[in-house]
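Peer 1: Listed in order, the protein sequences are those of chains L and Z.
Each step along the first sequence adds one to the number in the working numbering, with nothing skipped, and position 123 is 123.
So the working numbering is basically just the index in the second sequence, starting at one, shifted up by 126.
Supplied in structure tokens, the structure appears directly below.
2 protein chains.
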Amino acid sequence: MDALTIQEAAQTTDWSPRMLRYIERAGLIEPRRSQAGYRLYGPGELQRLRTLRELTTRYDIGLGEIGFAMRLRRDAELAGAVDAWFEAQPRRPEEVPPAEWLRWEQDKHSKLLALAAAAPPATSHA
Amino acid sequence: MDALTIQEAAQTTDWSPRMLRYIERAGLIEPRRSQAGYRLYGPGELQRLRTLRELTTRYDIGLGEIGFAMRLRRDAELAGAVDAWFEAQPRRPEEVPPAEWLRWEQDKHSKLLALAAAAPPATSHA
DNA sequence: GAAACCTTGACACGACCGTGGTAAGGTTCC
DNA sequence: GGAACCTTACCACGGTCGTGTCAAGGTTTC
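Right, here's the structure in full:
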């Protein structure tokens with residue numbers, strides 16, 4: 001067969017089974033089910049799971065954010081409203097480096113990341 | 127003068143002064159400052175504050191989500207990555223009328239392109 | 001020069017997020 | 001028929017979000 005169970009999928013994608021279920025509940029990746037209700041992850045899902053991890057770690061964004069992006073592409077009205085709001089934003093051509101607010105936004109995570117990077121990824125639970 | 131202090135702005139926009147500072151910190155609306163450092167909200171800011179409230183309550187989205195949308199429009203690389211992830215998603219044709227979807231896709235791409243073209247090459251990722 | 005604003009910084013708190021664990025029960029495999 | 005997996009449903013925990021409040025100090029106005 002061409003599909004992995006949740007544990008196998010977790011191993012090859014570097015998620016935990018717990019998180020795979022969480023991701024499904026967030027509506028991001030919903031594998032098909034076997035007759036008995038077992039989740040079955042195909043190659044496409046596995047690839048998307050890896051890419052998802054890449055997205056979240058590389059750009060430091062949460063699943064909620066990706067969920068919002070998904071909502072944005074599905075709900076044209078919402079997308080339009082958000083768009084309209086940004087349209088009304090004043091342009092600052094070359095006034096101030098706009099990375100100030102970004103730094104703040106990522107600052108909250110930086111400590112965590114630094115900490116996680118410093119700590120060896122041993123089995124934290126016993 | 128043509129600008130309100132934080133308390134006045136709060137009253138006419140139905141936010142609290144606290145939240146106005148929070149919104150500023152989130153990078154969403156940054157009023158100019160007086161000589162002494164007082165926040166000064168002009169008509170544009172007031173309007174955007176009201177629209178922001180409309181957005182958050184009507185669509186039930188948080189400031190973090192709007193911040194993410196802002197990040198999406200500023201960081202073309204991130205936008206592309208998120209886009210790519212969605213491209214690999216399986217479509218469900220019966221959920222979305224194809225014409226609608228296509229129009230949305232085209233629209234999004236054109237906006238993205240316009241943004242990338244307009245944005246100076248400041249994409250020096252970390 | 002005092003009242004009434006403004007500033008930043010901190011503590012607090014309920015709600016949710018990301019994540020792990022565990023329990024009670026069904027399925028698959030040998 | 002038991003081991004090893006799967007399911008859902010909870011509890012727990014630290015972190016972030018949205019929000020209020022308070023303190024210590026500067027500014028504006030009369």
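We treat Cβ as the ideally placed atom computed from N, Cα and C, and that holds for glycine.
Only a predicted model underlies this, so the values are computations on that prediction, with no experimental measurement involved.
Just reading off the alpha helix (DSSP H) that Tyr59/L is part of, what are its end residues?
Peer 2: Position 59 of the first sequence holds residue 59/L. Tyr59/L -> no alpha helix (DSSP H), and no H or E assigned at all.
Peer 1: If we count the other Cβ atoms within 10 Å of its Cβ and call it buried at 16 or more, is Tyr41/L buried or exposed?
Peer 2: The sequence position of residue 41/L within the first sequence is 41, counting from 1. Burial call: buried.
Peer 1: Rounded to whole angstroms, what is the Cα-Cα separation between Arg73/L and Ala79/L?
Peer 2: Numbered from its first residue, the first sequence carries residue 73/L at position 73. Numbered from its first residue, the first sequence carries residue 79/L at position 79. Looking at the two C-alpha atoms, the distance is approximately 7 Å.
Peer 1: Quick check: what's the CA-CA separation for Thr56/L versus Gln35/L?
Peer 2: Residue 56/L sits at position 56 when you count from the first residue of the first sequence. Residue 35/L sits at position 35 when you count from the first residue of the first sequence. So the alpha carbons of these two residues sit roughly 32 Å apart.
Peer 1: DSSP state of Tyr148/Z, grouped into three classes?
Peer 2: Here residue 148/Z is taken as the residue at index 22 of the second sequence, counted from 1. Of the three classes helix, strand and coil, the one that applies to Tyr148/Z here is helix, per DSSP.
Peer 1: Give, in chain order, every residue of the region 161-177 of chain Z whose Cβ lies closer than 8 Å to some Cβ of chain L.
Peer 2: Within the region 161-177 of chain Z, the qualifying residues are Gly170, Gln173, Arg174 and Thr177.
Peer 1: Assess, as a yes-or-no matter, whether the region 56-71 of chain L is touched by the region 22-34 of chain L under the definition of 3 or more beta carbon pairs within less than 8 Å.
Peer 2: Contact holds: three or more Cβ-Cβ distances are below 8 Å.
Peer 1: CB Arg53/L to CB Asp83/L, shorter than 9 Å?
Peer 2: By one-based count along the first sequence, residue 53/L stands at place 53. By one-based count along the first sequence, residue 83/L stands at place 83. Their beta carbons are not under 9 Å apart, which means Arg53/L does not touch Asp83/L by this criterion.
Peer 1: Between Asp75/L and chain Z, is the shortest Cβ-Cβ distance under 9 Å, so that the two count as touching?
Peer 2: Translated into positions along the first sequence, residue 75/L becomes position 75. So yes, Asp75/L belongs to the interface.
Peer 1: Between which two residues does the alpha helix (DSSP H) containing Asp75/L stretch?
Peer 2: Counting from 1 along the first sequence, the entry for residue 75/L is found at position 75. Element bounds for Asp75/L: n/a, residue is neither H nor E.
Peer 1: Quick one: measure Cβ to Cβ for Arg174/Z and Ala88/L, integer angstroms, because I've assumed they're closer than 8 Å.
Peer 2: The sequence position of residue 174/Z within the second sequence is 48, counting from 1. The sequence position of residue 88/L within the first sequence is 88, counting from 1. At roughly 6 Å, the Cβ-Cβ gap stays under 8 Å, so Arg174/Z and Ala88/L are in contact.
Peer 1: Find the residues of chain L that neighbour Ala136/Z, judging by a C-beta separation of less than 9 Å, and give them in chain order.
Peer 2: The sequence position of residue 136/Z within the second sequence is 10, counting from 1. None at all; the shortest Cβ gap to chain L is about 19 Å.
Peer 1: Drop a sphere of 10 angstroms on the beta-carbon of Phe194/Z, count the other beta-carbons inside from all chains shown, and report buried for 16 or more, exposed for fewer.
Peer 2: The residue you call residue 194/Z lines up with position 68 of the second sequence. Per the 10 Å Cβ criterion, buried.
Peer 1: Just checking: is the beta-carbon of Ile149/Z within a distance shorter than 9 Å of some beta-carbon in chain L?
Peer 2: The residue given as residue 149/Z occupies position 23 in the second sequence. So no, Ile149/Z is outside the interface.
Peer 1: Here's a check: name, in chain order, each residue in its chain whose Cβ is nearer than 7 Å to the Cβ of Arg50/L, leaving out the five neighbours to either side.
Peer 2: Stepping through the first sequence from its first residue, residue 50/L is reached at position 50. Once the five neighbours on either side are set aside, the close Cβ partners of Arg50/L are Thr13.
Peer 1: How many angstroms separate the CA atom of Leu130/Z from the CA atom of Arg197/Z?
Peer 2: Taking the second sequence and counting its residues from 1, one reaches residue 130/Z at position 4. Taking the second sequence and counting its residues from 1, one reaches residue 197/Z at position 71. Straight-line Cα distance between these residues: approximately 28 Å.
Peer 1: What number of angstroms, rounded off, separates the C-alpha of Tyr38/L from the C-alpha of Pro17/L?
Peer 2: Your numbering for residue 38/L matches position 38 in the first sequence. Your numbering for residue 17/L matches position 17 in the first sequence. Straight-line Cα distance between these residues: approximately 12 Å.
Peer 1: How big is the Cα-Cα spacing for Glu77/L and Phe86/L?
Peer 2: Numbered from its first residue, the first sequence carries residue 77/L at position 77. Numbered from its first residue, the first sequence carries residue 86/L at position 86. Distance between the alpha carbons of Glu77/L and Phe86/L is about 14 Å.
Peer 1: Is Glu95/L buried or exposed, if buried means 16 or more other CB atoms sit within 10 Å of its CB?
Peer 2: The residue you call residue 95/L lines up with position 95 of the first sequence. Because the pLDDT at Glu95/L is just 40, under 50, the model does not fix this residue reliably, and the value given afterwards should be weighed accordingly. Exposed: under 16 other Cβ atoms inside 10 Å.
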